[in-house]
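Student:
Number of protein chains: 2
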Amino acid sequence: MYPRIRDLREDRDYKQRELAEYLNCSQQVYSNYELGERDIPTDILIKLSNLYNVSTDYILGLTKNSKRNK
Amino acid sequence: MYPRIRDLREDRDYKQRELAEYLNCSQQVYSNYELGERDIPTDILIKLSNLYNVSTDYILGLTKNSKRNK
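What follows is the structure in structure tokens.
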């Protein structure tokens, strides 16, 4: 389960519907990513990382530092 | 396709068979990760990141800097 993608979305005041549109998936599928009921594919992980300008390590909870190295 | 997981493995002189054992998957499945024929699940991504002590961003080709932030 990757709670950071919910926190990142809420910090930016995005709706699940908006994320689903950005990611080209249904709101149900996106919701399942947030709930950890569906594994996040790498292409989605990369898109989320780009949207929020954070590292994939941060999204996956491997670090508290959100910065992506150049 | 994520060529870095092949490069990381070869740099350490690991065999695909050894990686498959570490990851608890078949050698065929592991080979498909290297070839980009099967998406890398997040749990596998994290295990590879831990094994090689590199960031998941590096594995995914998002940065040239392999270092994982603390």
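Listed in order, the protein sequences are those of chains A and B. Position one of the first sequence corresponds to residue 0 (numbering that gives the first Met the number 0), numbered consecutively onward. Position one of the second sequence corresponds to residue 0 (numbering that gives the first Met the number 0), numbered consecutively onward. Think of the CB as a built atom: it goes at the ideal place given N, C-alpha and C, for glycine as much as any other residue. All of these numbers come straight from a predicted model, not from anything done at the bench.
1. Residues of chain B with a CB under 7 Å from the CB of L18 of chain A: which are they?
2. Can you confirm whether D12 of chain B, when its beta carbon is compared against all beta carbons of chain A, has any partner nearer than 8 Å?
3. Would you call S48 of chain B buried or exposed, if buried means 16 or more other Cβ atoms sit within 10 Å of its Cβ?
4. Might you give, ordered along the chain, the residues of its own chain that have their beta carbon closer than 6 Å to the beta carbon of Q26 of chain A, omitting 5 neighbours on each side?
5. Against I4 of chain B, what residues of chain A qualify as contacts under a CB-to-CB distance less than 8 Å, listed in chain order?
6. Residues in its own chain within less than 8 Å of Y1 of chain B by CB, not counting five upstream and five downstream?
7. According to DSSP, simplified to helix, strand and coil, what is D12 of chain B?
8. Excluding the 5 residues flanking K63 of chain A on each side, which residues of the same chain have their C-beta closer than 6 Å to its C-beta?
Tutor: Short version:
1. The contact set of L18 of chain A on chain B, defined by CB atoms closer than 7 Å, is empty, because the minimum CB distance reaches about 17 Å.
2. Not closer than 8 Å to any Cβ of chain A, the Cβ of D12 of chain B fails to qualify, so no.
3. When all chains shown are included, S48 of chain B counts as buried.
4. Correct list, in chain order: Q15, R16, A19.
5. Near I4 of chain B there are no residues of chain A at all, since even the closest Cβ is about 11 Å away, more than 8 Å.
6. Result list for Y1 of chain B: Y32, E33, G35, I39, I58, L59, G60, in chain order.
7. It is coil, neither helix nor strand.
8. Short of 6 Å from the beta carbon of K63 of chain A, and not among the five residues preceding or following it, lies no beta carbon of its own chain.
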